[in-house]
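Numbering (this note's numbering), first residue to last: 737 to 966. Glycine included, every Cβ here is placed at the ideal spot set by N, Cα and C.
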């Protein structure tokens, strides 16, 4: 007979708690995520939650991370269109939609008091960085990959924050697209590196090739990369 281990039982219970808390957070906000209510809806006694979480703040953080993890997992399953710029635009739209559909989670993730990047958030940044890297490899990036990632993240956060600060009827439905076009103009060139005369695009594209240059030692490649970033 198959026996469920204590570890598996504990993991299952924690997952049930987090899902209940995530649903409450999505629908009603952080104030609704109380240990008493979560325990009740998870079929547990309130003291049981403290075996998994230090308190309400810890539970709310776990719930927010769970909601964002579902979003990141969906992004990982999206196939490339073959056009790195269109893939970036699709990722932008997905991120904006997530923020507008999950305002409570979005605001929690941006809370300065958290002052940390969870593994799930770091994975989201990694996906963005990969998309930017493909654009750089195509010779379409006029700034460094690092700066492009920071600019895109800042613009996306600002766009969602601005839209959420307005009543729904006052939100400009074209603002997100206009914001993407603005940041794209700042970081992209209009043609491939094969024909571009933009030195920054050439440098960004060349940096993506450094790991493939077998004639350079790791130290030499690192030094060349440092020079190119200046």
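- Nearest neighbour of residue 752 by Cα position, chosen from 812, 859, 777, turns out to be 777.
- Secondary-structure assignment with DSSP links residue 760 through no beta bridge to anything.
- For residue 883, the enclosing alpha helix (DSSP H) covers residues 881-900.
- When C-alpha distances from residue 831 are compared across 853, 811, 886, the shortest belongs to 811.
- DSSP places residue 877 in the strand class (E or B) of the three-state scheme.
- In the displayed model, residue 911 falls within a helix according to three-state DSSP.
- Look at residue 836 here: in three-state DSSP terms it is helix.
- In the structure shown, residue 780 adopts coil according to DSSP, grouped into three states.
- Under the three-pair Cβ rule at 8 Å, the region 832-841 counts as touching the region 797-815.
- Excluding its 5 nearest sequence neighbours in each direction, residue 760 has C-beta neighbours in its own chain below 6 Å: 768, 769, listed in chain order.
- Of all alpha-carbon atoms in 787, 886, 923, 766, the one lying nearest the alpha-carbon of residue 749 is that of 787.
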